[in-house]
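Trainee: Residue 65 is where the sequence shown starts when you use the numbering used here, and the numbers rise one by one after that. For every residue, glycine included, the Cβ atom is placed at its ideal position computed from N, Cα and C. Because the structure is a prediction, the values reported are computed rather than measured. I'd like to ask some things about the structure below.
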Amino acid sequence: MKAGISGLRDVWRGGVATWECDEMGHMNTRFYVARCMEAITMLFGRSGLPRLSAVGSETTLAVRTMHIRFLREARAGSSMHISAGFAAIGNGTADIVAMMFDTASNDCAATFRIRLHHVASTDGSGRPWPETFANHVATELTETPRLAMPRGTGDLPTMISASGARAEQLGLHRLGQGAVPHQACDPWGRMLPYAFVGAMADSVRNIITPLRETCARHSDRAGPHFGAAALEFLIRVDGLPASGDCWEVRSGLARIDGRTMNIVNWMLDPFSGRPFGSMEVVAICFDLETRKLLPIAPAAQAELAGWTIPDLTL
């Protein structure tokens, strides 16, 4: 699928390294986020605010919400580029739309809608944009392409329902836990967005695998080629953990149909139960030979219906 880029700036170009690809043979989702954040830094630099991610900057950018659609595979050796622009500018907030393209074909591989806050580097408190910057951006706003709008999720959430107490109440499984390494943090010691997505994705593997195996058991195409892939992410961040902080991921299956599975994941402080962030994943079963979606058989849907947790949301 090809898409126009009217109103968007070319802000990142590069390629997909072999070590960025996972066991499904395509670029892991955390690296989509890493490249997108590089592109956003370039977008702000070209709009008059360079080095917002650099050591010594008094202010920086904090992600609050993120919606991503994965439209085409990015395989090892592919050349890629990202175009991005401002969809809205507020008093210390900005909505960004970005699109990642396969450079050879110009097919859109992924879309991103991100809400950012302008914050003090030291304590994360909100800061207004410089007036000249805000006025300049206001003259260059772009519409969000229809391709980037939600398909399998709701819209960007204004708040989350996650907590340790609610995870216990709902019986959400603990699928991942760990501590934040310094190398996964920004210059001020806060976990980077791509590291958050990576920790979530690694944890979700512990529910994706049994879900996939159940689907494979009821499929006419069962075999070693039966994989899984993500179509869409919906993310809400409420203060990412810092270097050395511990975290845990609690997850559950929210819904399933003949094509997709929606899995909701909460990253929590394992001691206080406060939420760091939430991520909804729209996943599919994926044929590793044909590189196409595998339908979820009615028998698999029936079996997995007992896994679903009613009213599970971000």
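For H246 and A363, what's the separation of their Cα atoms in angstroms?
Mentor: For the purposes of this step, residue 246 is taken as the residue at position 182 of the sequence shown. For the purposes of this step, residue 363 is taken as the residue at position 299 of the sequence shown. So the two alpha carbons sit approximately 46 Å from each other.
Trainee: Reducing DSSP to helix, strand and coil, say where F108 ends up.
Mentor: Numbered from its first residue, the sequence shown carries residue 108 at position 44. In the three-state reduction of the DSSP assignment, F108 falls in the helix class.
Trainee: Can the beta-carbon of A280 be found closer than 7 Å to that of A286?
Mentor: For the purposes of this step, residue 280 is taken as residue 216 along the sequence shown, with counting starting at 1. For the purposes of this step, residue 286 is taken as residue 222 along the sequence shown, with counting starting at 1. Cβ atoms of A280 and A286: closer than 7 Å.
Trainee: Using the rule of at least 16 other Cβ atoms within 10 Å of the residue's Cβ for burial, across every protein chain shown, is P257 buried or exposed?
Mentor: Locating residue 257 in the sequence shown gives position 193, counting from the first residue. Buried, since its Cβ has 16 or more Cβ neighbours within 10 Å.
Trainee: Comparing C-alpha positions only, which one of D351, P214, V201 and H289 sits nearest to F150?
Mentor: Looking up residue 150 in the sequence shown gives position 86. Cα-wise, what sits closest to F150 is V201.
Trainee: Does the contact criterion of 3 or more C-beta pairs under 8 Å hold for the region 256 to 274 versus the region 134 to 145?
Mentor: no
Trainee: Going by Cα to Cα distance, which pick from R94, E87 and R99 is closest to W412?
Mentor: With the chain covering only 65 through 378, there is no way to say anything about residue 412.
Trainee: What residue does the beta strand (DSSP E) around R314 start on, and which one ends it?
Mentor: The residue given as residue 314 occupies position 250 in the sequence shown. Run containing R314: C310 to I320, per the beta strand (DSSP E) assignment.
Trainee: Between D250 and chain B, is the shortest Cβ-Cβ distance under 7 Å, so that the two count as touching?
Mentor: Chain labels in this structure do not include chain B; a single protein chain is all it has.
Trainee: Considering only DSSP beta bridges, list what E296 is partnered with.
Mentor: For the purposes of this step, residue 296 is taken as residue 232 along the sequence shown, with counting starting at 1. Its beta-bridge partners are R133 and V346.
Trainee: Note down the Cα distance separating D171 from A229, rounded to an integer number of angstroms.
Mentor: Taking the sequence shown and counting its residues from 1, the one referred to as residue 171 is at position 107. Taking the sequence shown and counting its residues from 1, the one referred to as residue 229 is at position 165. For D171 and A229, the distance between alpha carbons rounds to 44 Å.
Trainee: Skipping 5 residues on each side, what residues in its chain have a beta carbon closer than 8 Å to that of R276?
Mentor: Numbered from its first residue, the sequence shown carries residue 276 at position 212. Answer for R276: F290, G291, A292 and C349, listed in chain order.
Trainee: Quick check on E312: buried or exposed, where buried means 16 or more other Cβ atoms within 10 Å of its Cβ?
Mentor: On the sequence shown, position 248 is the one that residue 312 refers to. Classification for E312: buried.
Trainee: Locate the alpha helix (DSSP H) running through G262, then write down its first and last residues.
Mentor: Translated into positions along the sequence shown, residue 262 becomes position 198. Counting along the chain, the alpha helix (DSSP H) containing G262 begins and ends at P257 to R281.
Trainee: Anyone know if the C-beta pair for T157 and L211 falls short of 7 Å?
Mentor: For the purposes of this step, residue 157 is taken as residue 93 along the sequence shown, with counting starting at 1. For the purposes of this step, residue 211 is taken as residue 147 along the sequence shown, with counting starting at 1. No.
Trainee: State yes or no: is the C-beta of M223 within less than 7 Å of the C-beta of P305?
Mentor: Taking the sequence shown and counting its residues from 1, the one referred to as residue 223 is at position 159. Taking the sequence shown and counting its residues from 1, the one referred to as residue 305 is at position 241. Cβ atoms of M223 and P305: not closer than 7 Å.
Trainee: Would you kindly report the start and end of the unbroken alpha helix (DSSP H) that includes L357?
Mentor: Looking up residue 357 in the sequence shown gives position 293. Segment K356 to L358 is the beta strand (DSSP E) holding L357; no alpha helix (DSSP H) there.
Trainee: Measure the alpha-carbon distance for M65 versus R133 and round it to whole angstroms.
Mentor: As a first step, residue 65 must be located in the sequence shown, where it is residue number 1. As a first step, residue 133 must be located in the sequence shown, where it is residue number 69. In this prediction, M65 scores a pLDDT of 40, lower than 50, which makes its location untrustworthy; the coordinate-derived value is nonetheless stated afterwards. Spanning the two alpha carbons is a distance of roughly 13 Å.
Trainee: Compare the Cα-Cα distances from T208 to each of S185, R179 and R191 and report the closest residue.
Mentor: In the sequence shown, counting from the first residue as 1, residue 208 sits at position 144. Looking only at S185, R179 and R191, the smallest Cα-Cα distance to T208 is reached by R179.
Trainee: Can you tell which of W83, D86 and G337 has its C-alpha closest to the C-alpha of S227?
Mentor: As a first step, residue 227 is located in the sequence shown; it is residue number 163 there, counting from the start. The option with the nearest alpha carbon to S227 is G337.
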